[in-house]
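**Q**
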Amino acid sequence: MNMHPHRNQVNVGTRHKRIDALGKVTGATIYASDFSLPGMLHGRILRSEHAHAEIVALDLSVAEAMPGVRAVVTAKTMAFHRYGNLVKDFQVFAEGRVSYIGQAIAAVAADTPEIAEAAMQAIRVEYRPLPAVFDPIVAMQPDAPVLHPDLLQYKASPLADRAGNRSGRTTITVGDVEAGFRQSYRVYEHRFRTPPIHAGYTEPRVAVAQWDAAGIGTVWCNTQLLFDTQAALAEIFGVNVTQIRVIVPAIGGGFGGKLRIGMEHYALALARVAKRPVRVFSTSHEELSAALFRYGSVIEVKTGVDREGRILAKQARAIIDTGACSGSGPLVASTATLILAGPYRIPNLLLEGLAIYTNNHPGGSMRAPSGPMPNFAIESQMDIIAADLGIDPLEFRLRNIIHEGDLSATGQVMTGVGLEECLLKAADAIGWDRKNPENNRGKGLAIGAWMTSRGSSGAYLKLSADGRFTLMVGVVELGTGALTGVAQILADELSVDVADISVVSADSHITPYDFGSQGSRTMATVANAARLAAANLLGKMRPLAAKALGVPEAELQMRGKGFVAGEKSISFAALAAQAQMSAGGLIAEGTYIADPIAYDASRVRNHFSPGWPSPSFHAHAVDLQVDPMSGEITIKDYVVAQDVGYAINPSNLEGQIEGGVVQGIGQAISEELVQVEGRVLNANLTDYKMPTIMDVPPIRVVLVEHPSATGPYGAKGVGEPSCIEPPAAIANAVASATGKRILDLPVTAEKIARA
Amino acid sequence: MRKLSLTVNGERHDIDAEDSATLLDVLRLKLFLTGTKSNCLEAECGVCTVLIDGRAINSCITLAAQCEGADIRTIEGMTDGDKLHPLQQSFIECDAVQCGYCIPGMIMTAAGLLNEKPNPSFEEIQEGLCGTLCRCTGYTKIVQAVQHAAQDGRVRQ
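Respectively, the protein sequence lines represent chains W and S. -17 is the number of the first residue of the first sequence in the working numbering; add one for each residue after it. 20 is the number of the first residue of the second sequence in the working numbering; add one for each residue after it.
1. Is the CB-CB distance between A138(W) and V223(W) below 8 Å?
2. CA-CA distance, S502(W) and Y574(W)?
3. Could you check what DSSP says for P419(W) in three-state terms: helix, strand or coil?
4. Would you mind working out which of E217(W), T319(W), A251(W), L208(W) sits nearest A232(W), comparing C-alpha positions?
5. As an exercise, report each continuous beta strand (DSSP E) stretch of at least 3 residues that is fully enclosed by the stretch 8 to 48 of chain W, in chain order.
6. Report buried or exposed for F141(S), applying the criterion of at least 16 other Cβ atoms within 10 angstroms of its Cβ.
7. Here's the rule I'm using: 16 or more other beta-carbon atoms within 10 Å means buried, otherwise exposed. How should Q649(W) be labelled?
8. To which residues does DSSP link Y109(W) through a beta bridge?
9. Since F75(W) contacts I83(W) with CB under 8 Å, what's their CB separation in whole angstroms?
10. Smallest Cα separation from L46(S): which of S78(S), D90(S), Q117(S), C118(S)?
11. What residues from chain W crowd round Q145(S), counting only those whose CB sits closer than 7 Å?
12. Measuring only the C-alpha atoms, how far is I281(W) from S439(W)?
13. Enumerate in chain order the residues of its own chain whose CB-to-CB distance from K618(W) is below 7 Å, with the five nearest sequence positions on each side excluded.
14. Give the single residue among E640(W), L331(W), G693(W) whose Cα lies nearest to the Cα of Q163(S).
15. Does R436(W) pass the burial test, meaning 16 or more other C-beta atoms within 10 Å, or should it be called exposed?
16. Taking Cβ positions only, does G467(W) come closer than 8 Å to chain S?
17. DSSP state of H600(W), grouped into three classes?
18. Taking 8 Å as the threshold (C-beta atoms), are I712(W) and V(-6)(W) in contact?
19. Here's the rule I'm using: 16 or more other beta-carbon atoms within 10 Å means buried, otherwise exposed. How should V395(W) be labelled?
20. Please say whether I651(W) and T730(W) have beta carbons closer to each other than 8 Å?
21. Is there at least one Cβ from chain W nearer than 8 Å to E61(S)'s Cβ?
22. With respect to the alpha helix (DSSP H) encompassing N714(W), which residues constitute its N-terminal and C-terminal limits?
23. Counting only beta-carbon separations shorter than 8 Å, does Q107(S) have a partner in chain W?
24. Under a three-way DSSP split, which group does G311(W) fall into?
25. According to DSSP, what are the bridge partners of E171(W)?
26. Please report the residue range of the beta strand (DSSP E) in which H32(S) lies.
27. First and last residue of the beta strand (DSSP E) that includes N67(W)?
28. Can you find a CB in chain W that lies within less than 8 Å of the CB of I111(S)?
29. Between the alpha carbons of T397(W) and L655(W), how many angstroms are there, rounded?
30. Starting from K550(W) and walking both ways along the beta strand (DSSP E), at which residues does that stretch end?
31. CB I579(W) to CB A512(W), shorter than 8 Å?
32. Do three or more CB pairs link the stretch 325 to 342 of chain W to the stretch 148 to 158 of chain W at distances below 8 Å?
33. Just to confirm, are T340(W) and F116(W) a CB contact at a threshold of 8 Å?
34. Measure the CB-CB distance between C203(W) and A409(W) and report whether it falls below 8 Å.
35. Quick one: grab the DSSP three-state call for T159(S).
36. Count the other CB atoms, across all protein chains shown, that sit within 10 Å of the CB of Q103(W); report buried if there are 16 or more and exposed otherwise.
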């Protein structure tokens, strides 16, 4: 397939307005949380108050007897199968034992939310506390309480290397790291910690569920992954996947926090018992205490360098605290190894990613799930080393970064590498030459790479008798503008206007399979599937047009929303009308998955993502001031130079990058789910500090374009990576401004003032 | 239960509501005006913002009974027929919309600000909008959209 620019490029590459904007600014768009059905009940979930305990007694009698209560569901109500994306270690409801605060024990459905709340509170649970473990380092010790005694009996991915409290272990080995340290002029060792944070979507997780007479359970919800949700629900309820229908009306943000099932299974279970539609809406407290957070981590990095500032060896490990169920943990720990390597040429590497169970709440896959934690560690250490060697941090990076054709840590040949250009442009834009223009003011840099995830996309395309095309795809428009980009591409390739393209998405019974809105892949993969569908549809349209016009196909030209041959022409509308009469209408499909990326298998063990399709490269530069008394940070200027491959829609890319930077600033300086013995202490938006409009600096975005060989028009994934580098860039700037180095996120004013 | 008479987007509605019903509940559940969004229910996120007599308030912590006699305006009442309000137009033109869930609340918050300060400075926009969270955009384009609407002097209330 030719991935390169089309000749009739009218819409691709422009700042075309979003196709979904009008409904969103007028309030007309129906989100999952706006969806309701007649006779709908309201569900609430009773959650564990103990981090690790036996359930000695569970008394539902008062709740069940309350007027207006229509269903009370526990593990005993029906056979729920264990689930989980990599290791089947999740239970829908606790069975005899709870292993984290917030774990579901029972759910109730009632006529009103108030009755459901009262019934939930009337359920009596008697616990007998068990020894618990909250620190992943402690959980790795042989005498730690074991979270899953039957771990090896669970169904699991063969790559999830399990033992004790470990659900996954990935390694990368290159050269001889000990020899590298022996040759080194200096060796540096640091340990960093990062706490869990919330994805921060403004629409809480919600599901409305209903079972029909044919035994099909339908959920209207706000998942990012239609088909993963469908498969997980089918597994839990022990039914075929087509007995579960998942529909996403519209979604209010996700950022990875809505990849895995949230409320859907509870709503379906309650609806099955109540024989009525049931809605379950996550409260703000539940969101901040019982959602799929970005994992907390411990990152250890040991780096050896020569006198000239070339990195000779790196040994590092990322310890991911998955909480009591592994979730995405083994994958996140695995991918973290490549972030630990960084976008650097290093001849000797020993990198390890560990997913460790604790009695904290299970986490998940927030935006670039493996990114910010290891990047904060390695990029902080780069500046520590540079300062110790007396080399400028920019120069130190330039001496070590990868270039076109270099190998990644897993042995992938890196292509489309725009890293040096990003680094130089970001440094130039921030005015790197004047690093500390005044007292308590400093600049910081951080760089990184990220992937455009693989996974299949399917697309159906039809031409209607009004000459308009309808594209049907199984992804969710998260708000990134990906589907606007796809419509821009289709419009050009079909020689019509963007307004002539309708996009229907996210109904598992109608739209084709898709790996889903995740991993910075939506635009890249869906667009390629849609382009193939367009090519197939044109392959059906051309012979019909040639026949209708009485000319050879070779003389047809696409122009003016139809085909032209000399003086003769036929519009797409007329062609579609004719086809409906004589040829069964005009429909076509396309499917796409990026080719697997070659890597050196001898370097890796149990790696989930050793080859990165269309890697993206980024450099962040920040200029900030620190109040010497309070430690408060004021960001004066922030620059991102990001290699996006090719900008299908520059405005929407800027929007992704600006939004990701602000999330990253939140993680850098203010966001932390404060956990004490597995309990989140700040589970409300007053105490959980997401950036407001007051906290946002001017952000300048520089788009760098080193094309991908496979992305549409050379585009690379853009959705995730801009949240990766802000913590490191800001920590480095704070160190530059104050001489104080904070190794534990967030870099709060308090920590700076006390350091 | 009590009988309430509320004027929403210029239209009078006589409804029965619990004493404890919030304006948000009444708008969404009784009047089916779901453009006003629901999230934290503790006035921290701002997605439920509407105008009461031209002032932006959080409908999640406002009792419906307090709003009798007031001019209540929701996002659905911002358009004039098919004609968008200048803020709605600006949010589209400045690419300030992503997932869109905060946008009705953000536009209503901005409308309240522009009612008070038709030509707000950058700092006044920040102060005026700081009660409404957006997790997608990083706010950069939202500030631009409000500036754009204000500079054009097109805002009418």
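The beta-carbon is built from N, C-alpha and C at its ideal position, and this holds for glycine as well. A quick note: this is a predicted structure, and the numbers were derived from the prediction, not measured.
**A** So, from the data block:
1. no
2. 15 Å
3. coil
4. Checked all of E217(W), T319(W), A251(W), L208(W); the closest Cα to A232(W) is L208(W).
5. 23 to 29, 35 to 41
6. Burial is judged here by how many other beta carbons sit within 10 angstroms of a residue's own beta carbon; F141(S) has fewer than 16 and is exposed.
7. buried
8. Answer is I37(W).
9. Not really, about 15 Å apart at Cβ, beyond 8 Å.
10. S78(S)
11. I675, M676
12. Cα to Cα, the separation comes out at about 35 Å.
13. D605, L606, Q607, P679
14. E640(W)
15. buried
16. no
17. strand
18. no
19. exposed
20. yes
21. yes
22. 708 to 720
23. yes
24. helix
25. K284(W).
26. 30 to 36
27. Run containing N67(W): none; DSSP gives neither H nor E here.
28. yes
29. L655(W) has its alpha-carbon roughly 38 Å from the corresponding atom of T397(W).
30. That run of the beta strand (DSSP E) goes 550 to 553.
31. The answer is no: Cβ separation not under 8 Å.
32. yes
33. yes
34. no
35. helix
36. exposed
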